[in-house]
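A quick write-up on the structure given underneath.
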Amino acid sequence: MAAGAPRIFVSHLAGVAAFDPNGDQVGRVRDLVVMLRVGRRPPRLLGLVVELSTRRRIFLPMTRVTSIESGQVLTTGVLNVRRFEQRPTERLVFGELLDRRVTLVETGEEVTVLDLSVHQLPARREWEIDKVFVRKGGKSGTFRRAKGESLTVEWSAVTGFTLEEKGQGAESLLATFEQLRPADLANVLHHLSPKRRAEVAAALDDDRLADVLEELPEDDQIEILGKLKEERAADVLEAMDPDDAADLLGELPEDDQERLLSLMQPADAADMRRLMAYEEHTAGGLMTTEPIILRPDATVADALARVRNPDLSPALAAQVYVCRPPDETPTGKYLGTVHFQRLLRDPPYTLVSALVDDALEALAPGAALPVVAGFFATYDMVAAPVVDESGSLLGAVTVDDVLDHMLPEDWRETEFHLDEDTGEEVAAHGS
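Quick note: the sequence shown uses the UniProt record's numbering, first residue 1, plus one each step.
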């Protein structure tokens, strides 16, 4: 970035792509690393936390940043792919400085930090924070912003950044990452401190938090759920996919399970209890109880309307299950499956009962994980029905749940790379 270029507000760097000199994307910016200095001197910007396509986070020093322009970061292309580890003297801008309550030196008034700006020092390759965008009035800690005057001041005009996390909200951090997919936001939360993670979780709405919890490691799930009020924890569990919620409940002490189940809607609690009755690594333990179920007299138009539901995962939307009433699990007699591609080939008025694929046997609820995985591999399926001995549809297993249970527990912390000698992909655990 050339000297004299305008300042850059850090919120504009969230999620920005980083490229090497050849124009190949190396990752996306997830945070900025600064070092606070003595007195009121502005902090030095040490570098960027860049997330690679494999979700590994690495440190990109500012000395290897050649340009920040037009929503992109250009690098020298020389990267150290060692996993980023924050040092005691370092602070993360998004994770630790945004939403902080600080004090205006001149008036003593408390304000909330909404954004910070950085600039490159003239004739040098060093960067530092120079301005602070703050809001007067209100308190941080809620997603909905309180009204109040906003202003931009010099870094030296405020004090309080050196304090430990206290009363730090989450609204600016969430606004910065509001476009992230649940899996990516889960990765952001995983790398925050436990206190900051709890603050962000508290600020998310129930549906968004449910989606994020499904993508987090088990330890993070239990930690976050344990810091929510019990009524809200029950609401979030209800918003999760039933199979994921049941897995999470199954990791809690029995007394906690019962308290949360008693706070849930009876139908949802019944689903949870039913799923928890199955062994974890079986079709019954893997399935969701909320696939798309249609009666025989439903039409292709009805089926496509259900498939269009944006809340459905691609795997669940790939097919519908035709059953006699009742049409909630456990259903009446399961008649067969209609695949999405078949729905696209027939007129809208066609009855789904005329299109069912009844040649493929369904999974039994007690089918072990290797059997389920073999079923998916043999028949190229992304979802499969689970049917009991009486012929009732109990639910459906999706391929993502099969993969989740087959991968190592720490797969989110595993980096995959090509072996230089064999050219084969191997797993290397980060330090």
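Ideal placement from N, C-alpha and C gives every residue a C-beta, glycine not left out.
Among the bridge pairs identified by DSSP, His339 is matched with Gln319. Between Ala203 and Ala233, the alpha-carbon positions lie close to 13 Å from each other.
Counting along the chain, Ser262 sits inside the alpha helix (DSSP H) bounded by residues Glu254 to Leu263. With fewer than 16 other CB atoms across the displayed protein chains lying within 10 angstroms of its CB, Leu151 is exposed. The beta carbons of Glu128 and Pro42 sit closer together than 7 Å. Each residue's CA atom was taken as its position, placing Val382 and Gly336 some 16 Å apart. DSSP places Gly285 outside any beta strand (DSSP E); the residue lies instead in the alpha helix (DSSP H), whose first and last residues are Ala283 to Leu286. As the crow flies, the alpha-carbon of Arg295 is around 18 Å from that of Ser390.
Restricting attention to Pro253, Ala283, Arg196 and Asp244, the CA atom closest to the CA of Asp268 is found in Asp244. The DSSP assignment places complete alpha helix (DSSP H) segments of no fewer than 4 residues inside the segment 163-235 at 171-176, 182-190, 194-203, 206-213 and 218-226, in order along the chain.
In the structure shown, Tyr334 falls within a strand segment according to DSSP collapsed to helix, strand and coil. As computed with DSSP, Thr112 is found in a beta bridge with Arg101 and Arg135.
A distance below 7 Å between beta-carbons, with the five flanking residues on each side excluded, links Arg82 to the following residues of its chain, in chain order: Ile58. The beta carbon of Asp388 sits closer than 8 Å to the beta carbons of Pro330, Ala364, Pro365 and Leu394 from its chain, once the five residues preceding and following it are set aside; these are given in chain order. Per DSSP, the unbroken beta strand (DSSP E) holding Leu393 starts and ends at Leu393 to Thr398. About 5 Å separates the beta carbon of Arg64 from that of Thr76, a gap short enough to meet the 8 Å contact definition. Within the segment 347-393, the beta strand (DSSP E) runs of at least 3 residues that lie entirely inside it are, in chain order, 383-387. For Gln221, the number of other beta carbons within 10 angstroms of its own is at least 16, and it is reported as buried. In this structure, DSSP gives Glu90 an extended state, which the three-state scheme calls strand. Between the alpha carbons of Gln179 and Val212 lies a gap of roughly 13 Å.
In the same chain as Leu60, and ignoring 5 residues on each side of it, the C-beta atoms closer than 6 Å to its own belong to Gly47, Leu48 and Val50, in chain order. Shown here for Ala17: same chain residues with a beta carbon closer than 6 Å to its own, the five before and five after excluded, namely Gln25, Arg28 and Gln72 in chain order. For Arg57, the uninterrupted beta strand (DSSP E) segment begins and ends at Arg57 to Pro61. Taken in chain order, the complete beta strand (DSSP E) segments of 3 or more residues contained in the segment 267-310 number zero; there are none. Membership of Asp247 in the alpha helix (DSSP H) is indicated by the continuous run Pro242 to Gly250.
A straight-line Cα-Cα distance of about 13 Å links Ile292 and Thr398.
The straight-line gap separating the alpha-carbon atoms of Thr89 and Asp184 is approximately 26 Å. Contact between the segment 338-348 and the segment 372-380 is not established, with fewer than three Cβ pairs separated by less than 8 Å. For Arg28, the enclosing beta strand (DSSP E) starts and ends at Gln25 to Met35. Excluding five sequence positions before and after Thr66, the CB atoms of its chain that fall closer than 7 Å to its own CB belong to Leu74, Thr75 and Thr76, given in chain order. The residue from Pro266, Asp327, Leu260 and Pro385 with its alpha-carbon nearest to that of Ala318 is Pro385. Between Pro194 and Met240, the alpha-carbon positions lie close to 22 Å from each other. Annotated three-state conformation of Ser11 is helix, per DSSP. Contact annotation, Asp115 with Ser172: C-beta distance approximately 7 Å; criterion of less than 8 Å satisfied. Thr329 is not bridged by DSSP to any residue. Judged by DSSP secondary structure, Glu106 falls outside any beta strand (DSSP E); it is assigned neither H nor E.
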